[in-house]
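Working notes, beginning with the structure itself.
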Amino acid sequence: MKIIHFINDATPTRGGAQRLLSHLRKEESSAGKESYSFSKQRNDNLKDAMNITGGKLWPLKAISIALTKKPKVIFIHSRLFLPLCPIFRALRIHTVFYAHANYKSKNLLFRAFKANRYIAVSNAVRDNLKNQSVPDKKIDLLLNPIFAQKEIYPDHTTEAVNVSYIGGLYEWKGISELILHLANSKLYVNLTIIGNGPLRKDIEDRIKILPKNIKVQLAGQREAPFLHARNCQINIVPSKEEGFGLVALESIFHGRIVLYSDIPALTEICDSDNFSLPFNLEDESSFTRALNEAIELVKNGIKKEELVRRSQRITKNYGADSFSKKYLSLIDPQSA
Numbered sequence: 000m001k002i003i004h005f006i007n008d009a010t011p012t013r014g015g016a017q018r019l020l021s022h023l024r025k026e027e028s029s030a031g032k033e034s035y036s037f038s039k040q041r042n043d044n045l046k047d048a049m050n051i052t053g054g055k056l057w058p059l060k061a062i063s064i065a066l067t068k069k070p071k072v073i074f075i076h077s078r079l080f081l082p083l084c085p086i087f088r089a090l091r092i093h094t095v096f097y098a099h100a101n102y103k104s105k106n107l108l109f110r111a112f113k114a115n116r117y118i119a120v121s122n123a124v125r126d127n128l129k130n131q132s133v134p135d136k137k138i139d140l141l142l143n144p145i146f147a148q149k150e151i152y153p154d155h156t157t158e159a160v161n162v163s164y165i166g167g168l169y170e171w172k173g174i175s176e177l178i179l180h181l182a183n184s185k186l187y188v189n190l191t192i193i194g195n196g197p198l199r200k201d202i203e204d205r206i207k208i209l210p211k212n213i214k215v216q217l218a219g220q221r222e223a224p225f226l227h228a229r230n231c232q233i234n235i236v237p238s239k240e241e242g243f244g245l246v247a248l249e250s251i252f253h254g255r256i257v258l259y260s261d262i263p264a265l266t267e268i269c270d271s272d273n274f275s276l277p278f279n280l281e282d283e284s285s286f287t288r289a290l291n292e293a294i295e296l297v298k299n300g301i302k303k304e305e306l307v308r309r310s311q312r313i314t315k316n317y318g319a320d321s322f323s324k325k326y327l328s329l330i331d332p333q334s335a
């Protein structure tokens, strides 16, 4: 059975969708499937027989690959490829759109170019698809898994307020607003930023003029971000939009107090956690209140037993094994 995954850039370090795709392809290969990726371009420049790059003529190459490989299933991980759905379906290839985000724009694509089925990574994403006239019976809810094997609990020995941001440096991630809110809070805070992206230069320039109450370390991309930020008791997820919120999930697993913007996908994960605190990204006072509450939790301390219970709950609800079994059953019931 051949499977092709179409995505803008399959580089695993680029983001949550890419990490997930890497996991899916390993599971497919382990189950005896022939798994390919097709990227418009790749930051890691990986090109081989199983990892295909389209380049400037990517639409023609995508169609050519579909014709020559004759896959049973094509997964589309980016709306960029939705206009190819009618062609794939005409070739009698089963098409599945894997919805990783709560899409806010260009939603006419869903009405104009329809896949056979859809996978939603959260209830928020499923609702978004339904709002775009995708029939509920065609949507499979498949919550993203957590891949961490070992908890990395924070070090609580310091008196300083150490907070972290883990994620891409993109406008929709809310990183610019986070820095501004911290600077205006008048609180003395050390912020570690782990990740890269197009806003890096802007952030570097902003750091030079920040008030003395905030110190920022730009750590870049890290293989083990929670290990690098072990001195940070609080992780902040200020996203303006998310499809799932994997970083929030990992933050709970690794024993962090989580400050999260109150968007649907993050609320879905964090609302039931006693040490996750919401705020409105557009309301600076809301952020400051949540940060002060988080600082009080740090001062009071969290018992190790409570950290372990949080990690166990995440593993139970978002374990990779149960996820993989359900995913394989969706593409091929005989694999389950």
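The sequence shown lines up with residues 0 to 335 when you count with numbering that gives the first Met the number 0. Glycine included, each C-beta is placed from N, C-alpha and C at the ideal position.
- Of the residues assessed, Thr67 falls on the exposed side of the cut-off, its CB having fewer than 16 other CB atoms within 10 angstroms.
- Look at Gln216 here: in three-state DSSP terms it is strand.
- By the Cβ test, the stretch 296-312 is in contact with the stretch 245-254, since at least three Cβ pairs between them sit closer than 8 Å.
- Residue Ile165 holds the alpha-carbon nearest to the alpha-carbon of Thr12 among Ile165, Arg91 and Val120.
- Going by DSSP, His93 is part of the beta strand (DSSP E) stretching over His93 to Ala98.
- Counting along the chain, the unbroken beta strand (DSSP E) around Lys1 starts and ends at Lys1 to Ile6.
- Between Ile6 and Ser77, the CB-CB gap stays under 7 Å.
- In this chain, the beta strand (DSSP E) harbouring Arg116 covers Arg116 to Ala119.
- Counted as a single uninterrupted DSSP element, the stretch harbouring Phe225 is not any beta strand (DSSP E) but the alpha helix (DSSP H) occupying residues Pro224 to His227.
- Remark: three or more beta-carbon pairs, one from each stretch, lie closer than 8 Å, so the stretch 174-181 and the stretch 196-215 are flagged as touching.
- In summary, Lys39 is buried, with 16 or more beta-carbon neighbours lying within 10 Å of its beta-carbon over all protein chains present.
- Contact check for Ser184 against Thr287 passes: the beta carbons are separated by less than 7 Å.
- Contact between the stretch 229-239 and the stretch 79-91 is absent: fewer than three C-beta pairs spanning the two stretches fall below 8 Å.
- A distance of 7 Å or more separates the beta carbons of Ser271 and Asn279.
- When DSSP reads this structure, Glu283 sits in no beta bridge, so it has no partner.
- In the structure shown, the three-state DSSP call for Glu158 is coil.
- A buried status is given to Ala9, since no fewer than 16 other beta-carbon atoms sit within 10 Å of its beta-carbon.
- Straight-line spacing of the CA atoms in Pro85 and Leu186 works out to 55 Å.
- Thr191 sits away from Ala147, with the two beta carbons spaced by 7 Å or more.
- With respect to the 7 Å criterion, Ala98 and Leu83 are not classified as neighbours on the basis of their beta carbons.
- Judged by beta-carbon spacing, Leu276 lies within the 7 Å limit of Glu292, meaning their Cβ atoms are closer than that value.
- Counting along the chain, Tyr326 sits inside the alpha helix (DSSP H) bounded by residues Ala319 to Ile330.
- Beta-bridge partners of Glu240 (DSSP): none assigned.
- In the DSSP assignment, the residues bridged to Leu190 are Val162 and Val215.
- Residue pairing by DSSP puts Val257 in a beta bridge opposite Asn234 and Ser275.
- The criterion of a C-beta distance shorter than 7 Å is satisfied by Ser36 and His4.
- Measuring C-alpha to C-alpha distances from Ser310 to each of Asn273, Asp331, Lys298 and Val297 identifies Asn273 as the nearest.
- Of Ile174, Ala114 and Pro237, the smallest CA-CA separation from Leu217 is found for Ile174.
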